[in-house]
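See below for the structure under consideration.
Number of protein chains: 2
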Amino acid sequence: MILTVTLNAALDLTYRVPALSPGGTHRVSDVAERAGGKGVNVARVLHALGEPVIATGLAGGRTGERIRELLAADGVPEAFAPIAGESRRTVVVADGAGATGFWEPGPAVPAAEWTAFRRRFTGLLGVAHVVVLAGSLPDGIPADAYAVLIGLARAAGVPVVLDADGDPLRLGVAAGPDLVKPNAAELAGLLGRPVPVPTAAREVRALGAREAVASLGGAGLVAATVDGDWRASLPHPLDGNPTGAGDACVAALARGLAHRQPWPDRLVDAVALAGSAVAAPVAGAVSISRWRRLRQAVTVCPVQEG
Amino acid sequence: MILTVTLNAALDLTYRVPALSPGGTHRVSDVAERAGGKGVNVARVLHALGEPVIATGLAGGRTGERIRELLAADGVPEAFAPIAGESRRTVVVADGAGATGFWEPGPAVPAAEWTAFRRRFTGLLGVAHVVVLAGSLPDGIPADAYAVLIGLARAAGVPVVLDADGDPLRLGVAAGPDLVKPNAAELAGLLGRPVPVPTAAREVRALGAREAVASLGGAGLVAATVDGDWRASLPHPLDGNPTGAGDACVAALARGLAHRQPWPDRLVDAVALAGSAVAAPVAGAVSISRWRRLRQAVTVCPVQEG
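Here it is, written out as structure tokens:
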């Protein structure tokens, strides 16, 4: 079973309007509600792949209850810890021209709730084969939260995949996760300077991560692993909505880790699954049949020592 | 006790952002949550005035539960009927330049829930001195819903104030409410042609309403009543946010009806309370001290036969 952790879970709302007009009033013709936050998205993709998964994290208030209801409706098992604060919403307004997003800040989490979560997490480690830590931290959760959870997972012998940004990423990498998946911006922030990607992924390993995969949008993935370094990509970038592609990629990497797949196979799966999310009509959804088709088109090449 | 009915209650969210940028992603710095819908707003103003009130209507799902929680937090007694559908949200994005609104459509209400609501309403009529019917109808509620509720209230001897638009207004007026409060646009829609206001208010009486008050924004109110016709206004329009001014006006008119205030006094209260809402820093809030101050400035003049 793969355990995903989402400390700042969200209720994702997508509003369809004919045209966004600042200063105007819009009757929303269509409202889509989804449980969100990076870890939740990873869990939903894993569930779609038929992979046993439990989504945990923090969820509070009526928004938190709605998040749990929507996960249940999607068939995703969850073990969220209840908190007193109200979980955040995200609102995306989609019109013909594009998408405009509004991100609520999320709740403030008191120390006692963070302590209670660590206890819950330790219990769940007993049934987990891989842990995925993904997304932003709400107020009140310390910046070393992922480092602390990585320490607990290492003590329990459960490998960890980390997808984070800023200080939680920096402190998390230093705690020795098995795999970290930064995008180009997160990589530059982590290293403090622009570094060409194959070298950058190797430097992340030197900072503490056992292995690293950098995601480069339409240019695919670069992996620095114990079995060597690889670049994986589709022959040309796909048109579509990149929302959720990173989460689909993390889901494939976590599954590959759980099944001890050879690295080239993991990268083929990850590039194809991310591509399947880009091409999906609904943001963040993946299509298993499209994933299977796209796998045929992914190329994986060893990266020469740079 | 004044009973307010809100058949399409809402969770009103106000997001503060530095500047709305279409196509961009915005971190919301401040989120305000409020129970909303016209009848709910009227109930909150009446409660602020110290007037005994019960808010009823339809509320469903986690959003409906949040609406009831927020009313409870404001101290407003409520007797909402639960429905299976999810109550709607409204999102207002406020930046330095103004406010941009997104209105969810609201739930679809099956016939059985509408039948159950009428039973609940009939029960509540036993303790009500005035009923306020205000706002839009959700899908599934028939256009003559206000007409039906007016019939039930008349049978119970409880006077009704109606604030609606379109067919629900037209059918409601024909059912003989004690007072109807259209704004200029609703008045024009109701009469089917532009009519100068004092005459228009009289024509609404001829359509079935016992009395009518037309709200003209900064130009104040025009009332066509059994005691004569009146115009009430402040010496000059107030700067501020007109959101909620109409609901504050309806609250004052319902209170005046409950206490059988002389019409000039009701109109002074209504203009001053609407003005207090316009000048409030929070949309729709009223200030009792500002209301008292503004009352000194309202002029009420009889309207000559036109």
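Note that the protein sequences, when read in sequence, are chains A and B.
Following this note's numbering, the numbering of the first sequence begins with 9 at its first residue and continues without gaps.
Following this note's numbering, the numbering of the second sequence begins with 9 at its first residue and continues without gaps.
By construction, the Cβ of each residue, glycine as well, lies at the ideal position given by its N, Cα and C atoms.
Note that the structure is a prediction, hence the values are computed from the model and not measured.
Beta-carbon spacing of residue i, residue j below 8 Å
i                     : j                     : result
residue 88 (chain B)  : residue 66 (chain B)  : yes
residue 45 (chain A)  : residue 17 (chain A)  : yes
residue 129 (chain B) : residue 34 (chain A)  : no
residue 216 (chain A) : residue 181 (chain A) : yes
residue 266 (chain A) : residue 10 (chain A)  : yes
residue 56 (chain B)  : residue 79 (chain B)  : no
residue 224 (chain B) : residue 205 (chain B) : yes
residue 13 (chain A)  : residue 140 (chain A) : yes
residue 187 (chain B) : residue 222 (chain B) : no
residue 208 (chain B) : residue 199 (chain B) : yes
residue 241 (chain A) : residue 228 (chain A) : yes
residue 108 (chain A) : residue 32 (chain B)  : yes
residue 154 (chain B) : residue 133 (chain B) : no
Cβ of residue i within 8 Å of any chain B Cβ
i                     : result
residue 30 (chain A)  : yes
residue 109 (chain A) : yes
residue 33 (chain A)  : yes
residue 105 (chain A) : yes
residue 99 (chain A)  : yes
residue 113 (chain A) : yes
residue 298 (chain A) : no
residue 73 (chain A)  : yes
residue 70 (chain A)  : yes
residue 84 (chain A)  : no
residue 48 (chain A)  : no
residue 156 (chain A) : no
Min CB distance residue i to chain A below 8 Å
i                     : result
residue 22 (chain B)  : no
residue 129 (chain B) : no
residue 39 (chain B)  : yes
residue 286 (chain B) : no
residue 212 (chain B) : no
residue 169 (chain B) : no
residue 36 (chain B)  : yes
Exposure of residue i, with buried meaning 16 or more beta-carbon neighbours within 10 Å
i                     : result
residue 348 (chain B) : Residue 348 (chain B) is absent from the structure shown; chain B starts at 9 and stops at 314.
residue 37 (chain B)  : exposed
residue 95 (chain A)  : buried
residue 147 (chain A) : exposed
residue 127 (chain A) : exposed
residue 115 (chain A) : buried
residue 68 (chain A)  : buried
residue 232 (chain A) : buried
residue 123 (chain A) : exposed
residue 29 (chain B)  : exposed
residue 201 (chain A) : exposed
residue 268 (chain B) : exposed
residue 135 (chain A) : exposed
residue 190 (chain B) : buried
residue 58 (chain B)  : exposed
residue 176 (chain A) : buried
residue 185 (chain A) : buried
residue 296 (chain B) : exposed
residue 72 (chain B)  : buried
residue 40 (chain B)  : exposed
residue 93 (chain A)  : buried
residue 8 (chain A)   : The question about residue 8 (chain A) has no answer, for chain A in this structure spans 9 to 314.
residue 105 (chain B) : exposed
residue 119 (chain B) : exposed
Strand pairing of residue i, partner residues [DSSP]
i                     : result
residue 122 (chain A) : DSSP, once it has assigned bridges, lists no residue as partnering residue 122 (chain A).
residue 237 (chain B) : B:232
residue 152 (chain A) : The partner list for residue 152 (chain A) (beta bridge, DSSP) is empty, contrary to what the question assumes.
residue 179 (chain A) : Partner(s): none; residue 179 (chain A) has no beta bridge.
residue 111 (chain A) : A:98 and B:35
residue 223 (chain A) : A:191 and A:229
residue 22 (chain B)  : B:40 and B:100
residue 308 (chain A) : A:240
residue 283 (chain A) : According to DSSP, which records beta bridges pairwise, residue 283 (chain A) is partnered with nothing at all.
residue 171 (chain A) : A:142
residue 202 (chain B) : For residue 202 (chain B), which the question treats as bridged, DSSP gives no partner whatsoever.
Residue-level contact to chain E via CB, residue i, 8 Å cutoff
i                     : result
residue 117 (chain A) : Of the protein chains in this structure, namely A and B, none is chain E.
Check your understanding: Would the stretch 167-177 of chain A and the stretch 231-245 of chain A be scored as touching if the rule is three or more Cβ pairs under 8 Å?
Key -> no
Practice item. Check whether the stretch 282-289 of chain B touches the stretch 247-257 of chain B, taking contact to mean three or more Cβ pairs, one atom from each stretch, closer than 8 Å. Key: yes
Review point. Using 8 Å as the Cβ pair cut-off and three pairs as the minimum, do the stretch 268-278 of chain B and the stretch 18-31 of chain B touch?
Key: no
Check your understanding: Touch check for the stretch 225-239 of chain A and the stretch 289-302 of chain A: three-plus C-beta pairs under 8 Å?
Key -> Not touching, per the Cβ criterion.
Check your understanding: For the stretch 157-166 of chain A against the stretch 98-105 of chain A, are there 3 or more C-beta pairs whose distance is under 8 Å?
Key -> Contact between the stretch 157-166 of chain A and the stretch 98-105 of chain A is absent, because fewer than three Cβ pairs lie under 8 Å.
Practice item. Could you say if the stretch 49-63 of chain B and the stretch 57-65 of chain A meet the contact criterion of at least three C-beta pairs nearer than 8 Å? Key: no
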